[in-house]
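K.L.:
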Amino acid sequence: LEALNVLALKNVTIDGSVPRVHVFFTPTVPHCSASTLIGLCIRVKLLRSLPSDWKIDVQITPGAHLQEHAVNKQLNDKERVAAALENSSLTEVVHKCLGGLGPNQHAG
């Protein structure tokens, strides 16, 4: 995603005192149909990588997508994310996007 300029370190803010991480990502085109999936993959990767007490915010870079508000609302609604991750087909796609790692597996 970094090679496509979807993710960049400059768009990640970490506040260890809260603890919180905020990630802005930029879809490759303003009408990208995979924006919600990309954001969900980012959120799942962070959920797997960070301690459970961290607050995670994932949003589209302002002005970068035609459905920015709707996608951001979906990505930051805990109930919607949980429901999405209960869908086995969607969960399989997310796992493939993350390099085939299962929900309880970590790289390294």
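Take the sequence shown: its position 66, counting from 1, is numbered 55 in my numbering, and each next residue is one higher. All residues carry an ideal CB built from backbone N, CA and C; glycine is no exception.
1) Name the residue from Ser6, Asn(-6), Asp4, Glu57 whose alpha carbon lies nearest to the alpha carbon of His20.
2) Using CA atoms only, rank isn't needed, just tell me which of Ala59, Asn0, His84, Glu81 is closest to Thr15.
3) Enumerated in chain order, which unbroken segments of the beta strand (DSSP E) with a length of 3 residues or greater are wholly contained in the segment 53 to 92?
4) Provide the residue span of the beta strand (DSSP E) that contains Lys44, from first to last.
5) Check each candidate in Glu75, Gly88, Arg69, Ser77 and name the one with the smallest Cα separation from Thr25.
P.N.:
The structure says:
1) When only C-alpha atoms are compared, the closest one is Glu57.
2) Of Ala59, Asn0, His84, Glu81, the residue nearest in Cα terms is Asn0.
3) The DSSP assignment places no complete run of the beta strand (DSSP E) inside the segment 53 to 92 (cut-off: 3 residues).
4) Element bounds for Lys44: 44 to 49.
5) Per the Cα distances, Arg69.
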